[in-house]
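Undergrad: Mind having a look at this structure? Questions to follow.
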Amino acid sequence: MIKVNHRDTPLVQAIYSSRNTFAYLFILWALIAFQLISCSPGLPEDVLAEYEKLPASMDYNLHVKPVLSDKCFACHGPDKAKQKAGLRLDFQSSAYEELSESPGKVAIKPGSLNGSELFHRIISSDPEYRMPSYKSHLTLSPKEKAILIKWIEQGAAYKPHWAFVKPQKLKSPEVSNNKWPINAIDNFILSKLENEDMKPADQADKELLLRRVSLDLTGLN
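Letter 57 of the sequence shown, counting from 1, is numbered 49 in the working numbering, and no numbers are missing.
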């Protein structure tokens, strides 16, 4: 929401200087309307619930690309024979440019939900307008919608394939169960499990571990 310094706006100065009741009410209504227009669009309750559970930052390769690949690339991916509306979501340039079938609109406007046609399509309740199309027999879960929405809000940054991204040393994530991790790698595993509301299985007893090792070594597993 845009913050307004109420004392400095011409409209409010007019309110203080005006003794006309009608003018006062009209200007007050204009202020309220301006504030409402400047707000980000509301999210459905199920999407909002998942949105609040998401990590602070959305990573394209880790969070976003799996959603686009599973639910969007079938109609808006690299296969030209199956592309719809001339839109490719696997390329940043195509996702950001004006839609050929909807002049003046873009699929993704970085940082703007209202300006992103993708946002309006995925939260729509109209089956003829909503994406993915019902004809594709694909649907986005509330969590998948929340991921795309938060990604757009944060700038909708694309990244090359993870194999071409220079590795960076990451700080081990904080976890609730501090007794379970034995090393730093365990923190990443447990963090992912906790984000999915899952718990690690209990450690197997020694007899079972020996049996597994024996079967692995003999190739009978």
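We put the CB at the ideal spot given by N, CA and C, even for glycine.
Quick one: residues in its chain with C-beta nearer than 6 Å to the C-beta of Phe26, no 5 flanking neighbours on either side, listed in chain order?
TA: For Phe26, the pLDDT reaches just 44, beneath the cut-off of 50, and the residue's location in the model is therefore unreliable, although a value from the coordinates is still provided. Excluding residues within five positions, none has a Cβ falling inside 6 Å.
Undergrad: Please list the segments of the beta strand (DSSP E) lying wholly inside the segment 139 to 186, counting only runs of 3 or more residues, in order along the chain.
TA: DSSP runs (the beta strand (DSSP E)) wholly in the segment 139 to 186: none.
Undergrad: For the ligand FAD, is there any heavy atom lying closer than 7 Å to the beta carbon of Met50?
TA: Among the components of this structure there are no ligands whatsoever, and the ligand FAD is therefore not found.
Undergrad: For Ser116, which of helix, strand or coil comes out of DSSP?
TA: coil
Undergrad: Can you tell me which of the three DSSP states Ser94 falls into?
TA: strand
Undergrad: Three-state secondary structure (DSSP) at Lys101?
TA: strand
Undergrad: From the DSSP output, in three-state form, read off Ser108 for me.
TA: strand
Undergrad: Hey, quick one: how far does the alpha helix (DSSP H) through Arg204 stretch, first residue to last?
TA: Lys198 to Thr210
Undergrad: Just how far apart, CA to CA, sit Leu209 and Leu201?
TA: Each residue's Cα considered, the two are about 12 Å apart.
Undergrad: Are Ala66 and Leu130 closer than 8 Å when you measure CB to CB?
TA: Against a cut-off of 8 Å, the Cβ pair of Leu130 and Ala66 comes out as a contact.
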